[in-house]
Amino acid sequence: MRLGLIGCGNIGEFLLKAINKDGLLQGGRIVSIYGRREESAAHLADKYGTQFYRDFGSFLDSNLDMVIEAATIEAAKEYGCKVLEGGKDLVLSSIGVMADDAFAERIREVSQQHHVNVFLPSGAIGGLDVLKSAKALNELDAVSITTRKPPRALSSATSIDKETVIFEGSAAEAIKLFPRNMNVAIVLSLAGLGSEKTTVKMIADPEVVKNSHLIEATGSFGKLKLEVENDPMPNNPKTSYLAALSVLATLQNKDKTVHVG
Ligand SMILES: NC(=O)C1=CN([C@@H]2O[C@H](COP(=O)(O)OP(=O)(O)OC[C@H]3O[C@@H](n4cnc5c(N)ncnc54)[C@H](O)[C@@H]3O)[C@@H](O)[C@H]2O)C=CC1
Ligand SMILES: O=C([O-])CC(=O)C(=O)O
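Just so we're aligned: 269 in this note's numbering is position 210 of the sequence shown, and the numbers increase by one with no gaps anywhere.
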């Protein structure tokens, strides 16, 4: 499987190391990268034996089977449909882009037209399997996420010196205000009740070092309560290590014939 990578930050470099250096994706290799910061992308291309493209069209033409976006919501919006129209599967990290209903609809249409797949990894959270089962008979009543991060992981809250609720509202509002922190709320919305009905609470807490997410849901199945306490990525405290692992796991599982969960 020939992979292309958009974005060479934390998740991008994690994937380059895991796949191209450590061989953790059987039969797969990142052969092309497209990055905005030319110098660092060229350096990574050299370090991990891959090709760096400045021009998106040439990147897409480099005989790829699948493209992984690990950049930003804006990049996902700009390139997502082009990848699918080019006949390649797509893995999105910046899942917040799917909060835009018109864009999400377009992604669904284009992927059907071109017979390609879009993968939305569970990212820095879990519990999506429970929500999907719970809503099989439309009997999922409420879903919420409470995110607690150190202030330095929340760009707008760096001067906070005591535990502070910095946001309460819908997932739809949360992703607009915190596009680098609330992708989790949108993947949760997609698995559950949608971004208007999924509720979010964000807490900046100078006493914590981990990024934690508490997922709660109720429905005819009973109750869900699941908390992940994530170690942050070393170079980007906003992003949890689990988010990078989930992208790799999505790639590792994509061609399995026996599906768990
Ligand atoms: N689904 C989830 O649970 C999670 C999703 N994320 C999201 O995943 C994405 C990647 O995260 P990180 O690797 O930690 O971010 P990062 O900030 O470390 O790296 C992003 C890279 O993308 C590059 N970039 C930005 N715009 C670009 C463009 N238009 N074209 C090409 N490259 C571009 C930047 O120069 C940077 O190198 C972010 O959107 C982040 O918010 C992060 C954590 C959890
Ligand atoms: O990595 C995390 O803990 C969550 C995150 O930043 C996001 O969903 O955007």
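The beta carbon of each residue, even a glycine, is placed where N, CA and C say it ideally should be. Model, not experiment: these values are computed from the prediction.
State yes or no: is the C-beta of residue i nearer than 7 angstroms to some heavy atom of ligand 2?
{"i": "residue 185", "result": "no"}
{"i": "residue 299", "result": "yes"}
{"i": "residue 243", "result": "yes"}
{"i": "residue 294", "result": "no"}
{"i": "residue 302", "result": "yes"}
{"i": "residue 69", "result": "no"}
{"i": "residue 289", "result": "yes"}
{"i": "residue 79", "result": "no"}
Please indicate yes or no: does the CB of residue i lie closer than 7 angstroms to some heavy atom of ligand 1?
{"i": "residue 317", "result": "no"}
{"i": "residue 131", "result": "yes"}
{"i": "residue 140", "result": "no"}
{"i": "residue 168", "result": "no"}
{"i": "residue 137", "result": "yes"}
{"i": "residue 112", "result": "no"}
{"i": "residue 211", "result": "no"}
{"i": "residue 239", "result": "yes"}
{"i": "residue 263", "result": "no"}
Shortest alpha-carbon distance to residue i belongs to which of the options?
{"i": "residue 157", "options": "223, 77, 136", "result": "136"}
{"i": "residue 294", "options": "212, 221, 271", "result": "212"}
{"i": "residue 146", "options": "165, 126, 134", "result": "126"}
{"i": "residue 268", "options": "209, 192, 204", "result": "209"}
{"i": "residue 119", "options": "107, 130, 141", "result": "141"}
{"i": "residue 178", "options": "255, 68, 70, 148", "result": "148"}
{"i": "residue 66", "options": "150, 60, 80", "result": "150"}
{"i": "residue 225", "options": "238, 264, 247", "result": "264"}
{"i": "residue 266", "options": "220, 110, 315", "result": "220"}
{"i": "residue 280", "options": "252, 138, 236, 193", "result": "193"}
{"i": "residue 244", "options": "173, 189, 183", "result": "183"}
Please list the terminal residues of the continuous beta strand (DSSP E) segment that includes residue i.
{"i": "residue 258", "result": "257 to 263"}
{"i": "residue 128", "result": "125 to 128"}
{"i": "residue 66", "result": "Run containing residue 66: none; DSSP gives neither H nor E here."}
Residue range of the alpha helix (DSSP H) that residue i falls in?
{"i": "residue 71", "result": "69 to 74"}
Query raised in the report: Could you give the uninterrupted runs of the beta strand (DSSP E) lying entirely in the region 133 to 188, keeping only those of 3 residues or more?
Result: 148 to 151
**Item:** Entirely enclosed beta strand (DSSP E) segments - the region 187 to 254, minimum 3 residues
**Value:** 199 to 208, 223 to 229
Exercise for the section: Note down, one range per segment and in chain order, each beta strand (DSSP E) of at least 3 residues found wholly within the region 79 to 122. Expected result: 88 to 93, 110 to 112
field: Segments assigned beta strand (DSSP E), at least 3 residues, entirely inside the region 270 to 302
entry: 270 to 278, 281 to 289, 295 to 299
* Would the region 154 to 170 and the region 90 to 105 be scored as touching if the rule is three or more Cβ pairs under 8 angstroms? -> no
Item to complete: Check whether the region 253 to 266 touches the region 219 to 231, counting contact only when three or more Cβ pairs, one atom from each stretch, lie closer than 8 angstroms.
Response: yes
query = Is there contact here, the region 102 to 113 with the region 161 to 171, by at least three beta-carbon pairs under 8 angstroms?
reply = no
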